[in-house]
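So the structure is just underneath, and the comments pick up after that.
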Amino acid sequence: MLHFSAATKLSGTMLHRFCIVVMENSTPIAVSSAQTHRRINPDGWTLNVGYSQAVEVRGDQKVLYCAGTTALDKNGQLPTALDIRSQMTATLDNLEHVLDAAGYGLTDLVKVTIYSTAAEQVLQNMDILVTRFQEHDALPTATLIGATLLAYPELLIEIEATAVR
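Residue numbers for the sequence shown follow our numbering, so the first one is -15 and each next one is one higher.
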């Protein structure tokens, strides 16, 4: 809940999470449209461990924040193939699944953060990521971060993503 101070000359209470007041010479001249959010959980298993697979924020633009996505299957189980190429492919498949469930695609990605316990192997196999992104005309910003451990010791890669429409 947001209360406006008397100095703004606005009255009332806003029941929205976000509000931007544009000021000119200490006078409010515009208030942004209200923003809402929507949780996306196409597989549902993440609810049992306390997080959403993605959250979309709607306002002037729609922004989708995707949680770290791994090669876990739709039931949250470890993949049968544990090599880096298989995990990279499965992780991208899972990311596309979450994006699709929210009405987005790879082309809407603006940022990906890749966490890996095998960063050198990821770099040696970037053709998987590059090819998939090129197929969808996606060119998000990207960061690769070496990690010591992901959710399970067998997991080698996790991708966190942000998409905008």
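All C-beta atoms in this analysis are idealised placements derived from N, C-alpha and C, irrespective of residue type, glycine included.
Note that the coordinates shown come from a computational prediction; the quantities given were computed from them, not determined experimentally.
Within 8 angstroms, strictly: CB atoms of residue i and residue j
| i | j | result |
| --- | --- | --- |
| L140 | I98 | no |
| L90 | A122 | yes |
| E142 | L134 | yes |
| A147 | D92 | yes |
| V94 | T53 | no |
| C50 | Q37 | yes |
| Q19 | G34 | no |
| N78 | W29 | no |
Residues sharing a beta bridge with residue i, DSSP
| i | result |
| --- | --- |
| Y99 | I129, E142 |
| T20 | R42 |
| A147 | L48, L93 |
| T53 | I143 |
Cβ neighbour criterion (16 or more within 10 Å) applied to residue i
| i | result |
| --- | --- |
| A14 | Here A14 scores only 48 on pLDDT, less than 50, and its place in the model is too uncertain to base an answer on. |
| G130 | exposed |
| A65 | exposed |
| Q71 | buried |
| E119 | exposed |
| V6 | Unreliable placement is indicated for V6, whose pLDDT of 48 sits below 50; no coordinate value is reported for it. |
| A40 | In the sequence on display, residue 40 carries Glu and not Ala. Burial call: buried. |
Reduced DSSP secondary structure (H/G/I, E/B, other) of residue i
| i | result |
| --- | --- |
| T115 | helix |
| T73 | helix |
| T30 | helix |
| Q37 | coil |
| D67 | coil |
| H120 | coil |
| N25 | coil |
| L134 | coil |
| A86 | coil |
| Q61 | coil |
| N109 | coil |
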